[in-house]
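In this note's numbering, the protein residues as written are 7 to 250.
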């Protein structure tokens, strides 16, 4: 069967939200996992064909697609699961990224709700029984950024680098929050004092912060404590959250 470029309207109606994989036909390996609806699965290839070599230089996904096309081949589109709500699709996407390993994919970020991701039993017992940090009118404003051990490993085991970049945000708003909490599996692992949020040099639509480890008095409020339930409940699955 020849490769298709879009689904028919009757198929789109039945798909609802779905999770998909992009496969490199040169080696049979999955190189990207995503979630979407309608014809989202085909948009990556279309976008890659619009970009010049210079424009896609910073995006491994587009570089891979370009290399596949240059070899005279087509990206293989796999629908892993369909007919889901958006919340269900987020969960399936995150699980697939965990299974394939973010280090083996061209995805720039792990899936949503990473605090419920892969974790050994001992760590899970420790983290889920940890006390939550207290938040009241005296608590300094902060941003929660969720990352996982796989993503940190991909950044050379550097938690700061894995946390600081690259995020879609309003820099004027973000710069009003002096601290960033780096969270893994729902536990605050480190706190950074933000100097300034600036444009990411490799991605114009994203931002990163420059900063340093927060003072001990601030770290003691958060480090090794669980984020409160209000940041873990449904509707708070984003890896980037502002304090109340």
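Just so you know, even glycine gets a beta-carbon here, dropped at the ideal spot from N, CA and C.
Ranked by Cα distance from residue 179, the first of 15, 170, 189 and 203 is 203. Counting only unbroken stretches of 4 or more residues, the alpha helix (DSSP H) elements lying wholly within the segment 148–227 are 155–160, 165–170 and 177–180, in sequence order. By DSSP's assignment, residue 83 forms a beta bridge with 28.
Between the segment 124–139 and the segment 206–219, the count of C-beta pairs closer than 8 Å stays below three; the two stretches do not touch. With 16 or more other CB atoms across the displayed protein chains lying within 10 angstroms of its CB, residue 200 is buried.
By the neighbour-count criterion, in which 16 or more other beta carbons inside 10 Å mark a residue as buried, residue 73 falls on the exposed side. In the DSSP assignment, residue 68 falls within the alpha helix (DSSP H) that extends over 66–76.
Excluding the 5 residues flanking it on each side, residue 171 has same chain C-beta neighbours closer than 6 Å at 206 and 214, in chain order. Between the alpha carbons of residue 11 and residue 78 lies a distance of about 16 Å. With a beta-carbon spacing of about 38 Å, residue 136 and residue 85 fall beyond the 8 Å limit used to define contacts. In this structure, residue 111 lies away from residue 48, with their beta-carbon atoms at least 8 Å apart. For the set 46, 148 and 182, the Cα lying nearest the Cα of residue 225 is the one of 148. Collapsing the DSSP output to three states places residue 139 in coil. Taking all protein chains in view, the Cβ of residue 71 is crowded by 16 or more other Cβ atoms within 10 Å, so the residue is classified as buried. Of the other Cβ atoms in all chains shown, 16 or more fall within 10 Å of the Cβ of residue 41; this residue is therefore buried. If you look at residue 114, you'll find it isn't in any beta strand (DSSP E); DSSP assigns it neither H nor E. Here residue 250 is exposed, its C-beta having fewer than 16 other C-beta atoms within 10 Å.
Rounded to whole angstroms, the Cβ separation of residue 232 and residue 142 is 16 Å, and the two are not in contact under 8 Å.
Here residue 113 is buried: its Cβ has 16 or more other Cβ atoms, across all protein chains shown, within 10 Å. A distance below 8 Å separates the beta carbons of residue 50 and residue 28. The closest CA to that of residue 55, considering only 151, 68 and 237, is found on 68. Using a Cβ distance threshold of 8 Å, residue 169 and residue 197 do not count as a contacting pair. Residue 99 sits away from residue 17, with the two beta carbons spaced by 8 Å or more. Between the beta-carbon of residue 158 and that of residue 247 there is about 19 Å, and that puts the pair past the 8 Å contact cut. Taking the C-beta atoms as reference points, residue 95 is found nearer than 8 Å to residue 24. Taking the Cβ atoms as the reference, residue 43 lies roughly 7 Å from residue 22, within the contact range of under 8 Å.
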